[in-house]
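First comes the structure, then the notes that go with it.
Residue numbers (the working numbering), protein chains in the order written: chain A, 283 to 498; chain B, 283 to 498.
Dropping the structure here:
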């Protein structure tokens, strides 16, 4: 049996790794990470704990990834983990939403035992850093990667991938009755929190999100 | 200046504490926790790291808590943290949703610096333990504490406080086109994962939730 872990490395501050993530990263024989032109935020976060480990980079094209690419990379991972050994795929935030890992899970063979090690989600880290409640009792909060066209039912929204945001989308969010904050690189030294629309539109960093709350 | 931290202790496994939560718990002078008849899951999770610390229990009645109770407990916390010292309020999961901490935040005086230390949310821990994707690209997932009366827009739901669930609510969830799992005490040795409705209704443990996903 081989073992492959999907480890969430959290929003960016290495101190927001869990004790379990740190232990497993030290125990495994090989570390996997998507190849983002030689840069990788999950690897940066984990750097201190994976020193000297074998690192295998996996290629995923930007934008829509085909099933074939997931199958191919799952196969590369399996081949790089020896019998009775273990490997870990690192992903920022948590592996269960908008991650490459959940797209690959179904393509591993039965010889592989899969295990997810939870990480602090980006939106939870951003809510904490900006003292923004996500939900009070009885409320609903939704996580989305795009501002919807119709007024959502949720009291509170975490809108990921804020780098794609257009001005008319933020206008729409205001029309729906939400106030919002833009949080960039939450928990990192270069963290920025903005509430002014024109300033937000100037930034739109790749590692950023919007937390919105319906005005009462 | 006094400092008060709201620390998320995660779903239950002490290994799912973050390095930061562990450091801060060791550094603070006093630990605060809600008084649940002498039992407290957040304290149990943190036990190893708060040995010998002063612990102050705060009384919150079950059910709806009045503003007065939050004000009173915020005052007790302030009084128990010395000038230039720090205290930490522990909460299971993460402090930014459905927690006592976010209800108290507005009632501290300006002499107090508040800081949230994120924890692994219960629903993220449960998703990880049960290999359940929360959202693929383009999808929405919602966190709620009650099954809604109308069909929600989300592709995926985390329904907290599953101990309150009635059979007709699970029926409604099925009618809306969702399949679901019940996860009890995710990450703890006594963890249970169930998919059968009658078995779920027999359990309805206090520390449990439902993860639901719309059938394609």
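The C-beta atom is built at its ideal place from N, Cα and C for all residues, glycine as well. Nothing here was measured: the structure is a model prediction, and the numbers come from that model.
Within 8 Å, strictly: CB atoms of residue i and residue j
{"i": "residue 463 of chain B", "j": "residue 424 of chain B", "result": "no"}
{"i": "residue 427 of chain B", "j": "residue 442 of chain B", "result": "yes"}
{"i": "residue 407 of chain B", "j": "residue 444 of chain B", "result": "no"}
{"i": "residue 362 of chain A", "j": "residue 312 of chain A", "result": "yes"}
{"i": "residue 420 of chain B", "j": "residue 398 of chain A", "result": "no"}
{"i": "residue 451 of chain A", "j": "residue 429 of chain A", "result": "yes"}
{"i": "residue 285 of chain A", "j": "residue 395 of chain A", "result": "yes"}
{"i": "residue 489 of chain A", "j": "residue 400 of chain B", "result": "no"}
{"i": "residue 339 of chain B", "j": "residue 317 of chain B", "result": "yes"}
{"i": "residue 355 of chain B", "j": "residue 323 of chain B", "result": "no"}
{"i": "residue 437 of chain B", "j": "residue 422 of chain B", "result": "yes"}
Whole-angstrom distance between residue j and residue i, CA atom to CA atom
{"i": "residue 321 of chain A", "j": "residue 329 of chain A", "result": "12 Å"}
{"i": "residue 291 of chain B", "j": "residue 319 of chain A", "result": "36 Å"}
{"i": "residue 486 of chain A", "j": "residue 449 of chain A", "result": "11 Å"}
{"i": "residue 500 of chain A", "j": "residue 358 of chain A", "result": "The structure shown does not extend to residue 500 of chain A, since chain A spans only 283 to 498, so no value can be given for it."}
{"i": "residue 459 of chain B", "j": "residue 416 of chain B", "result": "16 Å"}
{"i": "residue 455 of chain B", "j": "residue 497 of chain B", "result": "11 Å"}
{"i": "residue 283 of chain B", "j": "residue 300 of chain B", "result": "26 Å"}
{"i": "residue 404 of chain B", "j": "residue 475 of chain B", "result": "14 Å"}
{"i": "residue 289 of chain B", "j": "residue 384 of chain A", "result": "28 Å"}
{"i": "residue 439 of chain B", "j": "residue 493 of chain B", "result": "6 Å"}
{"i": "residue 557 of chain B", "j": "residue 306 of chain B", "result": "Examination of residue 557 of chain B is not possible in this model, given that chain B is present from 283 through 498 alone."}
{"i": "residue 457 of chain A", "j": "residue 374 of chain B", "result": "35 Å"}
{"i": "residue 314 of chain A", "j": "residue 287 of chain A", "result": "10 Å"}
{"i": "residue 495 of chain A", "j": "residue 453 of chain A", "result": "14 Å"}
{"i": "residue 351 of chain B", "j": "residue 333 of chain B", "result": "28 Å"}
{"i": "residue 360 of chain B", "j": "residue 353 of chain B", "result": "11 Å"}
{"i": "residue 336 of chain A", "j": "residue 365 of chain A", "result": "16 Å"}
{"i": "residue 491 of chain A", "j": "residue 483 of chain B", "result": "38 Å"}
{"i": "residue 349 of chain B", "j": "residue 347 of chain A", "result": "50 Å"}
{"i": "residue 471 of chain B", "j": "residue 297 of chain B", "result": "12 Å"}
{"i": "residue 431 of chain A", "j": "residue 435 of chain B", "result": "12 Å"}
{"i": "residue 382 of chain A", "j": "residue 304 of chain B", "result": "29 Å"}
{"i": "residue 418 of chain B", "j": "residue 308 of chain B", "result": "38 Å"}
{"i": "residue 473 of chain B", "j": "residue 414 of chain A", "result": "31 Å"}
Any non-hydrogen atom of the ligand MN within 7 Å of residue i CB
{"i": "residue 357 of chain A", "result": "Only the bare structure without any ligand can be found here, which leaves the ligand MN out of the picture."}
Which residues DSSP lists as bridging residue i, in chain order
{"i": "residue 496 of chain B", "result": "B:460"}
{"i": "residue 438 of chain A", "result": "A:423 and A:495"}
{"i": "residue 474 of chain A", "result": "A:466"}
{"i": "residue 412 of chain A", "result": "Beta-bridge pairing links residue 412 of chain A to no other residue."}
{"i": "residue 375 of chain A", "result": "A:292"}
{"i": "residue 318 of chain A", "result": "A:321"}
{"i": "residue 339 of chain B", "result": "B:315"}
{"i": "residue 353 of chain A", "result": "Its beta-bridge partners do not exist; DSSP assigns none."}
{"i": "residue 300 of chain B", "result": "A:300"}
{"i": "residue 396 of chain A", "result": "A:286"}
{"i": "residue 369 of chain B", "result": "B:286 and B:312"}
{"i": "residue 444 of chain A", "result": "DSSP lists no partner for residue 444 of chain A."}
{"i": "residue 490 of chain B", "result": "B:466"}
{"i": "residue 417 of chain A", "result": "B:379"}
CB contact check: residue i to chain C, cutoff 8 Å
{"i": "residue 373 of chain A", "result": "Checking the listed chains, one finds no chain C in this structure; the protein chains it contains are A and B."}
Within the chosen definition, does the stretch 377 to 396 of chain B reach the stretch 383 to 402 of chain A through at least 3 CB pairs nearer than 8 Å? no
Kindly confirm or deny that the stretch 360 to 371 of chain B and the stretch 474 to 481 of chain A touch, where touching means at least three C-beta pairs closer than 8 Å. no
Please identify, using Cβ separations under 9 Å, the residues of the stretch 415 to 431 of chain B that lie next to chain A, in order along the chain. 415, 416, 417, 418, 419, 420, 421, 422, 423, 424, 425, 426, 427, 428 and 430
If contact is defined by three or more beta carbon pairs under 8 Å, each pair taking one atom from either stretch, is the stretch 337 to 350 of chain A in contact with the stretch 293 to 301 of chain A? no
Positions along the stretch 385 to 402 of chain A whose CB lies within less than 9 Å of some CB in chain B: 385, 387, 396, 397, 398, 399, 400, 401 and 402
Positions along the stretch 444 to 476 of chain B whose CB lies within less than 7 Å of some CB in chain A: Of all residues in the stretch 444 to 476 of chain B, none comes within less than 7 Å of chain A when Cβ atoms are compared.
If you measure beta-carbon to beta-carbon, which residues of the stretch 350 to 376 of chain B are closer than 9 Å to chain A? 376
Which residues, in order along the stretch 476 to 487 of chain B, keep a beta-carbon less than 9 Å from a beta-carbon of chain A? Flagged: no residues at all.
Which residues, in chain order, does the stretch 302 to 320 of chain B contribute to contact with chain A at a C-beta distance below 8 Å? 302, 304 and 305
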